[in-house]
Amino acid sequence: MYQTTNTRIIVPEFDVRQPTSLEAVLRELEHNAKGTRLLAGGTDLLVQIKLERTQPARLIDITRVPELMGMAVKDGMLIVGAATSIRTLANGVGVRERYTALAESCDAFSTVPVMIMGTIGGNLCNASPAADTAPALFAFDGAVELASCEGSRRTVPLDEFFVGPGRTVMREDEVMVAVRLPKTAAGTGSAFVKIGRVAADISKVSAAVKLVRKDDRVSECRIAVGAVAATPMRAYTAEQYLAGRRIDAKTLADAARAVEEDVKPITDVRSTKEYRTHVAGVAVKDALGAAWQRARGGERQ
Amino acid sequence: MKRQTVRFTINGEARELAVYPNDLLLNVLRDQESLTGTKYGCGIGECGACTVQVDGAPTLSCLKLAVSVDGCKVVTIEGLAKGNQLDPVQEAFLDNSAVQCGFCTPGMVMMGRALLDEKPRPTEQEVRDHMRGSLCRCTGYASIVRAIMVAGEKAELS
Numbered sequence: 001m002y003q004t005t006n007t008r009i010i011v012p013e014f015d016v017r018q019p020t021s022l023e024a025v026l027r028e029l030e031h032n033a034k035g036t037r038l039l040a041g042g043t044d045l046l047v048q049i050k051l052e053r054t055q056p057a058r059l060i061d062i063t064r065v066p067e068l069m070g071m072a073v074k075d076g077m078l079i080v081g082a083a084t085s086i087r088t089l090a091n092g093v094g095v096r097e098r099y100t101a102l103a104e105s106c107d108a109f110s111t112v113p114v115m116i117m118g119t120i121g122g123n124l125c126n127a128s129p130a131a132d133t134a135p136a137l138f139a140f141d142g143a144v145e146l147a148s149c150e151g152s153r154r155t156v157p158l159d160e161f162f163v164g165p166g167r168t169v170m171r172e173d174e175v176m177v178a179v180r181l182p183k184t185a186a187g188t189g190s191a192f193v194k195i196g197r198v199a200a201d202i203s204k205v206s207a208a209v210k211l212v213r214k215d216d217r218v219s220e221c222r223i224a225v226g227a228v229a230a231t232p233m234r235a236y237t238a239e240q241y242l243a244g245r246r247i248d249a250k251t252l253a254d255a256a257r258a259v260e261e262d263v264k265p266i267t268d269v270r271s272t273k274e275y276r277t278h279v280a281g282v283a284v285k286d287a288l289g290a291a292w293q294r295a296r297g298g299e300r301q
Numbered sequence: 302m303k304r305q306t307v308r309f310t311i312n313g314e315a316r317e318l319a320v321y322p323n324d325l326l327l328n329v330l331r332d333q334e335s336l337t338g339t340k341y342g343c344g345i346g347e348c349g350a351c352t353v354q355v356d357g358a359p360t361l362s363c364l365k366l367a368v369s370v371d372g373c374k375v376v377t378i379e380g381l382a383k384g385n386q387l388d389p390v391q392e393a394f395l396d397n398s399a400v401q402c403g404f405c406t407p408g409m410v411m412m413g414r415a416l417l418d419e420k421p422r423p424t425e426q427e428v429r430d431h432m433r434g435s436l437c438r439c440t441g442y443a444s445i446v447r448a449i450m451v452a453g454e455k456a457e458l459s
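Going down the list, the sequences are from chains F and W. All letters in the first sequence, in the order written, are residues 1 to 301 by the working numbering. All letters in the second sequence, in the order written, are residues 302 to 459 by the working numbering.
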């Protein structure tokens with residue numbers, strides 16, 4: 001493929017729409033969904049356009065749509081508007097306390113300007129296997145709410161959302177409205193670990209863990225890893241193994257081995273397959289240890 | 302492709318400009334407004350040389366469509382000084398020899414200013430973490446980090 005080296009200007013031409021309500025966004029999609037891309041923070045899409053990896057005829061800027069911005073708690077569920085910035089999410093009231101792994105994944109997110117510009121919906125819709133927020137959202141049983149221009153709404157659990165690198169189940173006539181996170185139980189602890197070359201880099205491997213500690217055992221646990229398969233993924237074998245067990249040196253080692261067996265990483269410019277396989281286990285081990293410690297604080301409450 | 306009118310303020314001055322939908326804020330600032338302090342470095346959001354403030358938030362102008370700043374307040378490196386009085390961050394960069402070739406400096410100063418606005422006395426680790434998206438290839442980070450910390454200390458003393 002022709003690889004352009006110009007990144008100063010954008011050569012391809014397109015129209016930009018700037019709707020100010022969700023209804024108007026859907027109306028725009030109804031007109032002509034083909035060749036249209038939704039533009040949020042632009043930190044990924046505009047790079048792709050500059051490099052001519054995608055050539056949309058039209059962009060719909062969704063950063064002026066109040067229905068897609070901000071956070072609310074409804075029936076104990078945290079609802080995050082899809083165009084909410086990563087920085088806003090990280091600083092959201094109660095997010096760090098209740099959804100620690102998610103706040104940590106936001107802290108690890110690229111650079112400060114990218115955290116300010118980039119959005120949670122953009123991070124998910126771009127569907128990078130290394131998307132920083134995805135493992136944490138998996139761990140909290142997150143789901144995304146999609147609206148289509150025909151007026152239908154559907155909620156897709158995050159672990160069914162990704163299909164492959166850059167691909168999701170979202171249709172061209174749909175827009176992501178919000179990310180929904182269920183209430184966390186008493187005794188919950190969580191942690192996120194990112195392995196990268198330097199802090200601002202895309203991860204080589206990432207891992208998020210959420211567990212509920214009851215009577216000094218793991219009563220429930222979610223483990224998700226990023227950048228080790230075609231999509232972010234749950235490590236089901238390790239999750240099942242840990243249920244009902246205590247976290248100690250042996251169970252940590254066994255869980256790490258189970259993760260190593262489940263992941264299917266590739267070798268690329270950032271890492272080798274072998275490195276990713278081993279480090280996925282290490283990252284999960286570290287996240288489990290931190291989550292277990294944090295859960296003890298929660299158990300006392 | 303037709304030009305669109307955007308209205309926004311640059312360094313406190315109201316502007317009304319005709320821009321194309323694919324024009325980037327960076328190029329409108331540099332080419333149309335002759336504000337060449339803001340630099341084009343990598344163009345893909347890796348280096349931070351193009352950092353400006355949009356409504357007070359550090360923003361990569363190389364990844365911001367000009368049409369999307371309609372109604373916003375944009376501040377560039379040229380807008381930090383008040384007349385001949387440099388911003389304390391700019392002063393501290395001079396005092397601490399935090400400028401060698403100067404190419405990354407506008408972005409560095411804009412990021413440093415944003416941090417001190419949020420957190421007047423950051424720790425060294427906080428400065429380094431906040432600045433991780435601003436790359437320098439000659440001055441070295443030690444003097445840049447020191448300059449930002451000194452600017453915070455001085456502001457507190459005055």
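Heads up, the beta-carbon is just placed ideally off N, CA and C, and yes, glycines get one too. In this text the structure is predicted, and so the values were computed from the model without any measurement.
C-beta contact flag for residue i and residue j at 9 angstroms
i      : j      : result
L361/W : N323/W : no
I195/F : V279/F : yes
L330/W : I345/W : no
I20/F  : P56/F  : Checking the displayed sequence, the identity of residue 20/F turns out to be Thr instead of Ile. The answer is no: Cβ separation not under 9 angstroms.
P265/F : F138/F : no
A45/F  : L59/F  : Going by the sequence as given, residue 45/F is Leu instead of Ala. Cβ distance < 9 angstroms, so L45/F and L59/F count as in contact.
F394/W : A456/W : no
G226/F : D132/F : yes
V47/F  : T7/F   : yes
P157/F : D141/F : yes
R433/W : V205/F : no
I9/F   : L325/W : yes
V355/W : D61/F  : no
A235/F : V218/F : no
G357/W : M409/W : no
L192/F : L102/F : A quick correction: the sequence has Phe, not Leu, at residue 192/F. It is a contact, given that the beta carbons lie within the stated cut-off.
Chain F contact residues for residue i, given Cβ-Cβ distances below 7 angstroms
i      : result
P359/W : V112, P113, I116
V428/W : Residues of chain F passing the Cβ test: none, with the nearest at roughly 11 angstroms.
M450/W : The contacting residues do not exist; M450/W stays about 17 angstroms from chain F at best.
S444/W : In chain order: nothing, as chain F lies at least about 20 angstroms away.
Contact with chain W by residue i, beta-carbon distance below 9 angstroms
i      : result
M1/F   : With a pLDDT of 43 at M1/F, under the threshold of 50, the modelled position of that residue is not reliable, and the figure given next carries that caveat. With 9 angstroms as the cut-off, M1/F does not count as an interface residue toward chain W.
Q18/F  : yes
N6/F   : yes
K50/F  : yes
F138/F : no
A291/F : no
L68/F  : no
A200/F : yes
L29/F  : no
E299/F : Per-residue confidence for E299/F stands at a pLDDT of 49, beneath the threshold of 50, marking its modelled position as unreliable; no derived number is given.
L124/F : no
L252/F : no
L59/F  : yes
Within chain W, partners of residue i - CB distance below 8 angstroms
i      : result
K204/F : Those do not exist, as K204/F stays about 17 angstroms from chain W at its closest Cβ, beyond 8 angstroms.
Contact with chain F by residue i, beta-carbon distance below 9 angstroms
i      : result
L458/W : no
S335/W : no
D418/W : no
Q305/W : yes
C343/W : yes
T406/W : no
C363/W : yes
A415/W : yes
R433/W : yes
G346/W : yes
M412/W : yes
G441/W : no
Chain W residues whose Cβ lies nearer than 7 angstroms to that of residue i
i     : result
I62/F : Result: empty, since nearest Cβ-Cβ is about 11 angstroms, beyond 7 angstroms.
I10/F : N323, L325
Opening and closing residue of the beta strand (DSSP E) in which residue i lies
i      : result
D15/F  : 15-17
C221/F : 217-226
E145/F : 143-148
D61/F  : 58-61
L211/F : 205-214
Proximal chain W residues relative to residue i, where beta-carbon distance stays under 9 angstroms
i     : result
E13/F : M302, Y321, P322, N323
Interface residues of chain F facing residue i [CB-CB closer than 8 angstroms]
i      : result
G338/W : None at all; the shortest Cβ gap to chain F is about 16 angstroms.
Unbroken alpha helix (DSSP H) run spanning residue i, endpoints
i      : result
S190/F : Looking at the DSSP string, S190/F is not in any alpha helix (DSSP H); the run it does join, the beta strand (DSSP E), is 188-195.
A255/F : 249-262
M450/W : 442-458
M117/F : 112-117
Within chain F, the residues that residue i reaches when beta carbons sit closer than 9 angstroms
i      : result
V368/W : V16, Q18, D61
**Report entry** Contact list for the segment 308-322 of chain W against chain A, Cβ threshold 9 angstroms
**Finding:** Considering every chain present, this structure includes no chain A. Its protein chains are F and W.
Query raised in the report: Listed in chain order, which residues of the segment 33-46 of chain F have Cβ atoms closer than 7 angstroms to some Cβ of chain W?
Result: Only G42, T43, L46 from the segment 33-46 of chain F bring a Cβ to less than 7 angstroms from some Cβ of chain W.
Query raised in the report: Name the residues in the segment 376-404 of chain W whose C-beta lies less than 9 angstroms from a C-beta of chain F; which are they?
Result: Listed in sequence order: no entries.
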